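Worksheet: one structure, shown below.
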Amino acid sequence: MEFNLLSVDVIQWLLLIVGFSLLLIVSPKAKNIAEFFKGSSLTEEPSYFALVSSLVISWIFAKSIMNAADLGYTFGILGGVGYGMYYLSFFVVGIVIYRLRFKLGFSSLHDYLRSGFGTMATHVFSFLLALRLLNEVWSNAMVIGLHFGTLNSVPYFSSIVIFTILTLGYTLKGGMKSSIFTDVIQMILFCILLSVMIGMIFPELDTTTDTLLSSSVWSWETGLNFLVVAVLQSFSYGFHDPVMTDRGFITEPKKMLRSFFIAGFVGFSLIVLFSFTGIISRQLPMESQVPTSRLAGYFGVSMLLLINLVMLTSASSTLDSTFTSFTKLVIKDIRIVSEEKLTLWKGRLIMIFLAIIGVLPLFFSPSLLAASTVSGTMVLGLAPIFLFPIKSKKTYPHLFLVPVLIGLVAGIIYIFIPENHSLYFTGGTHASLLFVNVIAFVLSFTSYFILRLFIYDTFTKG
Numbered sequence: 001m002e003f004n005l006l007s008v009d010v011i012q013w014l015l016l017i018v019g020f021s022l023l024l025i026v027s028p029k030a031k032n033i034a035e036f037f038k039g040s041s042l043t044e045e046p047s048y049f050a051l052v053s054s055l056v057i058s059w060i061f062a063k064s065i066m067n068a069a070d071l072g073y074t075f076g077i078l079g080g081v082g083y084g085m086y087y088l089s090f091f092v093v094g095i096v097i098y099r100l101r102f103k104l105g106f107s108s109l110h111d112y113l114r115s116g117f118g119t120m121a122t123h124v125f126s127f128l129l130a131l132r133l134l135n136e137v138w139s140n141a142m143v144i145g146l147h148f149g150t151l152n153s154v155p156y157f158s159s160i161v162i163f164t165i166l167t168l169g170y171t172l173k174g175g176m177k178s179s180i181f182t183d184v185i186q187m188i189l190f191c192i193l194l195s196v197m198i199g200m201i202f203p204e205l206d207t208t209t210d211t212l213l214s215s216s217v218w219s220w221e222t223g224l225n226f227l228v229v230a231v232l233q234s235f236s237y238g239f240h241d242p243v244m245t246d247r248g249f250i251t252e253p254k255k256m257l258r259s260f261f262i263a264g265f266v267g268f269s270l271i272v273l274f275s276f277t278g279i280i281s282r283q284l285p286m287e288s289q290v291p292t293s294r295l296a297g298y299f300g301v302s303m304l305l306l307i308n309l310v311m312l313t314s315a316s317s318t319l320d321s322t323f324t325s326f327t328k329l330v331i332k333d334i335r336i337v338s339e340e341k342l343t344l345w346k347g348r349l350i351m352i353f354l355a356i357i358g359v360l361p362l363f364f365s366p367s368l369l370a371a372s373t374v375s376g377t378m379v380l381g382l383a384p385i386f387l388f389p390i391k392s393k394k395t396y397p398h399l400f401l402v403p404v405l406i407g408l409v410a411g412i413i414y415i416f417i418p419e420n421h422s423l424y425f426t427g428g429t430h431a432s433l434l435f436v437n438v439i440a441f442v443l444s445f446t447s448y449f450i451l452r453l454f455i456y457d458t459f460t461k462g
């Protein structure tokens with residue numbers, strides 16, 4: 001089917017400019033510091049629906065959508081379920097934050113780390129968070145650019161700049177308040193768009209439940225490696241994502257915990273549903289190996305625009321949350337500005353700074369998938385620190401640094417080792433990733449508990 005490329009390009013640009021301009025108009029303006037950094041005032045907090053929507057849609061990144069479709073295309077239903085395992089992070093993080101707040105009395109993750117592990121631990125942790133947030137800016141912006149033009153083309157860079165500026169615009173207006181407000185809109189829109197896509201695809205290709213369930217060979221080589229990696233990383237992955245953890249401190253603890261659990265179920269379901277697009281695209285007689293391109297090529301302009309709108313929705317929801325989390329990290333957690341001198345415009349300047357430096361890596365064509373898998377390996381050491389917290393009268397930096405260093409080294413080693421080797425537990429795709437993650441996971445927990453034994457009598461267990 002041939003596209004009228006001129007009209008499609010015009011519609012895409014209209015969707016981007018008009019749609020985001022409307023978000024700028026309707027998004028609320030923060031009136032005070034509490035609304036800008038926490039999304040609520042002293043007398044009002046986000047509703048269940050708003051918090052769940054914000055959690056889910058801000059974690060359905062544009063690159064996650066691409067990865068879910070690709071894994072569905074490559075491994076079938078096993079690929080989608082495997083990627084969905086990352087949403088176990090909601091349950092892990094929700095339980096840990098509930099415990100830190102309700103049982104141990106901490107007001108943030110930084111508050112906990114500063115109390116038990118010292119200033120050095122908070123600096124290292126902040127660096128990991130900043131790196132994660134920078135990755136989110138360029139990786140989501142890159143996905144948008146590739147849907148408007150080829151790599152390094154004028155439309156590619158133009159769409160990235162306009163997308164970033166417009167998203168920054170409505171986020172500057174209200175901070176966390178406007179981020180949560182627009183997340184609700186984007187969540188509703190995403191669900192509608194995904195429903196329309198599935199509604200177009202299933203009847204056309206006569207897809208059945210049996211077709212989906214039989215799309216995988218359940219073996220290590222064909223997806224189980226990745227699934228187990230995702231499960232292991234879910235115990236630590238969420239802690240290095242302030243977009244998620246910040247939302248754990250803006251409502252009362254029980255409301256937060258329920259919202260995180262609901263978000264985990266909803267997020268898993270949506271990401272598996274989107275992986276169906278990759279599974280189904282296998283049946284299409286198209287040359288492209290990219291699932292979304294195969295669907296657009298077969299169904300035509302309507303599917304192309306649907307896919308692009310899904311990408312815009314998911315990318316913008318993640319990007320606005322990234323801006324707010326980075327600002328909170330720099331000002332509230334790292335504390336470069338005292339509470340007395342804190343103003344809305346100082347927060348807005350930090351957002352502008354991130355927007356500028358966040359797109360710089362695009363000139364080096366970084367890998368999208370590596371942003372998830374490598375960073376997930378590098379933060380495995382955070383798991384024992386948060387899953388088994390301490391409340392101490394003294395600080396123990398080495399108790400934090402040793403397991404975290406193990407994870408960082410493991411992430412670097414993974415980059416350089418071969419995909420398959422006789423020493424690995426399994427073979428096939430992601431065999432090396434599984435091997436490194438299992439070793440790092442075990443060493444991180446072992447080192448943490450051994451170090452705790454030596455200082456057991458000097459702190460109170462959480």
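Counting with my numbering, you get residues 1 to 462 for the letters of the sequence shown.
All residues carry an ideal CB built from backbone N, CA and C; glycine is no exception.
Being a predicted model, the structure only gives us computed values, none of them experimental.
{"Query": "CA-to-CA distance, T167 to L24, given in whole angstroms", "Result": "8 Å"}
{"Query": "Sequence ranges, alpha helix (DSSP H) only - wholly within the region 382-416, length at least 4", "Result": "382-387, 397-416"}
{"Query": "Local conformation of S107 per DSSP, three classes", "Result": "coil"}
{"Query": "Coil, strand or helix - Y424 by DSSP", "Result": "coil"}
{"Query": "Residue span of the alpha helix (DSSP H) that contains K38, given as start and end", "Result": "33-38"}
{"Query": "Buried versus exposed, by CB contacts within 10 Å (16 or more), G407", "Result": "buried"}
{"Query": "Buried or exposed by the 16-neighbour rule on C-beta atoms within 10 Å, applied to V10", "Result": "exposed"}
{"Query": "Beta carbon of K346 nearer than 8 Å to that of I331", "Result": "yes"}
{"Query": "Any 3 or more C-beta pairs closer than 8 Å across the region 278-288 and the region 27-40", "Result": "no"}
{"Query": "Assigned exposure category for T373 - 16 Cβ within 10 Å defines buried", "Result": "Because T373 sits at a pLDDT of 41, beneath the cut-off of 50, its placement in the model cannot be relied upon, and the point is left open."}
{"Query": "Beta-carbon spacing of V243, S321 below 8 Å", "Result": "yes"}
{"Query": "With 16 other Cβ atoms within 10 Å as the buried cut-off, status of G469", "Result": "With the chain covering only 1 through 462, there is no way to say anything about residue 469."}
{"Query": "Cα-Cα separation between S444 and G84, rounded to whole angstroms", "Result": "24 Å"}
{"Query": "P418 in three-state terms, based on DSSP", "Result": "coil"}
{"Query": "Three or more C-beta pairs below 8 Å linking the region 86-94 and the region 286-304", "Result": "no"}
{"Query": "Proximity winner among L227, I180, F61, relative to A30 (alpha-carbon distances)", "Result": "I180"}
{"Query": "Stretch pair the region 226-241 + the region 14-24: three plus CB contacts closer than 8 Å", "Result": "no"}
{"Query": "C191 to H123 span [Cα, whole Å]", "Result": "38 Å"}
{"Query": "Where P46 falls, given that 16 or more other Cβ within 10 Å makes a residue buried", "Result": "buried"}
{"Query": "Presumed contact (8 Å Cβ cut-off) between I77 and L270, rounded CB distance", "Result": "The Cβ separation is near 15 Å, so there is no contact."}
{"Query": "Inter-stretch contact at 8 Å, needing at least 3 Cβ pairs: the region 336-344 / the region 142-157", "Result": "no"}
{"Query": "Contacting residues, own chain, Cβ-Cβ under 8 Å from F106 (five flanking each side not counted)", "Result": "L100, Y112, S115"}
{"Query": "Alpha carbon of L451 to alpha carbon of K394, nearest angstrom", "Result": "15 Å"}
{"Query": "Nearest neighbour of L433, chosen from N308, F163, Y414, H421 [CA to CA]", "Result": "Y414"}
{"Query": "L453 burial status per 10 Å Cβ neighbour count (16 or more: buried)", "Result": "exposed"}
{"Query": "Separation of K254 from V184, as counted between CA atoms", "Result": "21 Å"}
{"Query": "Cβ-based neighbour list, V196, same chain, cut-off 8 Å, excluding 5 preceding and 5 following", "Result": "L306"}
{"Query": "Coarse secondary structure for I250, derived from DSSP in three states", "Result": "coil"}
{"Query": "Local conformation of G264 per DSSP, three classes", "Result": "helix"}
{"Query": "Status (buried if at least 16 other CB within 10 Å, exposed otherwise) for D70", "Result": "buried"}
{"Query": "Helix, strand or coil at Q12 [DSSP, three-state]", "Result": "helix"}
{"Query": "Residue range of the alpha helix (DSSP H) that includes L133", "Result": "119-146"}
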